[in-house]
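Here is the structure we will look at.
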Amino acid sequence: MPTSGRLETGRSRTSRNGAIVFTLVVFTVVAVVVLGAWQPLAGGLGLASLIAAVAVGALVASSVHFVMEWEKAVVMRCGKFNRVAGPGLVLTWPIIEFYTLRVDQRVAATYFGAEETLTADLVPVNVDAVVFWMVFSPKKAATEVEDYASAVSWMAQATLRKAIGRASLAEVAARRDQLDAELKDVLTEKLSEWGIDVMDVEVRDIVVPRDLQQSMAAEAIATREKNARMILAEAEADISAMLKDASATYEGDAEAMRLRTMHLAYESVKQSGGTLVIPSAFSEGFTDPDAAEALTRMAK
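Each step along the sequence shown adds one to the number in numbering that gives the first Met the number 0, with nothing skipped, and position 273 is 272.
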């Protein structure tokens, strides 16, 4: 599992090389100017001139900064918070002022997980998730927490473990959307004190130990068979009730029963297209004029 809180996607990321090159250029230009001014005044260059050029160049370079469009610089003066500066060119007083942190205000994605976490029914599960967040207050992110990116990762992991421990395995697996919403609400409440806003939390995967997967599959199969048998039993009960009602209808009415028998025989021959062999007693229904006429009407 990644420990840095980021997944490598193969895509190039934004660079601050331009700002670094600008700082080096400022240092070099100031050092050259100091050396150029030192030579006519002192009549030559020496170790003192080199030390002075490096010192002045470093002071000036530390006072001129480029802050990128997506960043904010938290400027401290004499150890106390002074202002939030940027983006663009930021100037600070040498020695007494410096910016302690460049805060990236873009949406960040932090990967976190909970390994071998016990659910409420004591089943160990591995859960992977991603939290999307951004810094809305650079001042709080710099002064309220030491490393806000690591704090987000650890807080998300601890919150995930607590949420899993309060639910059973079935609830964790079936109510993933509710788990996402719960994690987002809890993280938003806690991280807002550090100037961080949680955009979304997505649970990526829930992994159950392999030995438990087989038992869970067997349990699911048994439950489905039980439900199927219960449905079949209910159908049999309904059919028996209908047959009972039908027998009560035909009871005491021989003609209706005979017509029903002939109708079933006709339907069986019609469906199969074959020949029906019947006992001689059954053929009386066909020789009876009234029954034969009724059968003819059904055939039509």
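In this text, a Cβ means the ideal position worked out from N, Cα and C, and glycines have one as well.
- If we ignore side chains and look at the alpha-carbon of each, how far apart do Ser-239 and Lys-225 end up? 21 Å
- Query: What are the boundary residues of the beta strand (DSSP E) that includes Ala-113?
  - Reply: 107-117
- Looking only at C-alpha atoms, which of Ala-84, Met-75 and Asp-204 sits nearest to Asp-179? Asp-204
- Which one of Asp-103, His-64 and Arg-209 has the shortest CA to CA distance from Val-122? Arg-209
- Query: Going by C-alpha distance, which of Val-206, Leu-168 and Met-154 is nearest Asp-184?
  - Reply: Met-154
- Are the Cβ atoms of Glu-70 and Asp-103 separated by less than 8 Å? yes
- Below 6 Å CB to CB, which residues in the same chain sit around Leu-294 once its five sequence neighbours on both sides are set aside? Note that Leu-294 scores a pLDDT of 49, beneath 50, so its modelled location is shaky; the value from the coordinates is reported in the next line. Taken in chain order, the residues that qualify are Met-261.
- Of the choices Gln-38, His-64 and Ile-19, whose alpha-carbon is the least far from that of Phe-97? His-64
- How do the segment 105-119 and the segment 132-147 stand: do at least 3 beta-carbon pairs fall below 8 Å, yes or no? yes
- Message: Pop quiz: Gln-156 and Ala-113 are said to be a contact at Cβ under 8 Å. What is the actual Cβ separation, rounded to whole angstroms?
- Response: 6 Å
- Confirm, please, whether the CB-CB distance from Val-55 to Val-33 is below 8 Å. yes
- Quick one: using the 10 Å Cβ neighbour count with 16 as the cut-off for buried, is Ala-221 buried or exposed? exposed
- Query: If Phe-111 and Ser-149 are in contact, beta carbons under 8 Å, what's the gap, nearest whole angstrom?
  - Reply: Not confirmed; about 11 Å, so no contact.
- Message: Considering just the uninterrupted stretch of the alpha helix (DSSP H) at Val-144, what are its terminal residues?
- Response: Val-144 -> no alpha helix (DSSP H), and no H or E assigned at all.
- Per DSSP, what kind of secondary structure is Arg-203 in: helix, strand or coil? strand
- Message: Which residue marks the beginning of the beta strand (DSSP E) containing Gly-87, and which one marks its end?
- Response: 87-90
- Query: How about Val-29 and Ala-60: are their beta carbons less than 8 Å apart?
  - Reply: yes
- Apart from the five residues on each side of it in sequence, which residues of its chain come closer than 8 Å, Cβ to Cβ, to Glu-181? Ala-162
- Item | Between the CA atoms of Arg-82 and Arg-76 - distance to the nearest angstrom | 9 Å
- Task: Can you give me the start and stop residues for the alpha helix (DSSP H) that Leu-100 sits inside?
- Result: That residue, Leu-100, is in no alpha helix (DSSP H); its beta strand (DSSP E) goes 96-103.
- Item | Cβ neighbours of Gln-38 in the same chain (closer than 7 Å, five flanking residues each side left out) | Leu-44
- Message: Considering Cα atoms alone, identify which of Asp-146, Thr-142, Ala-57 and Lys-243 is closest to Pro-93.
- Response: Ala-57
- Query: Taking 8 Å as the CB-CB cut-off, is Asp-120 touching chain E?
  - Reply: In summary, chain E is missing from the structure at hand, where a single protein chain is found.
- Are the Cβ atoms of Thr-187 and Arg-160 separated by less than 8 Å? no
- Beta-carbon proximity list for Arg-174, same chain, < 8 Å, skipping 5 on both sides: Ala-166
- Item | Beta-carbon spacing of Gly-85, Ala-140 below 8 Å | no
- Message: Tell me the DSSP secondary structure of Met-133 in three-state form.
- Response: strand
- Taking C-alpha atoms, which residue in Val-24, Asp-127 and Ile-95 lies nearest to Pro-109? The amino acid at residue 109 is misidentified as Pro; the sequence shows Thr. The shortest C-alpha separation from Thr-109 is found at Asp-127.
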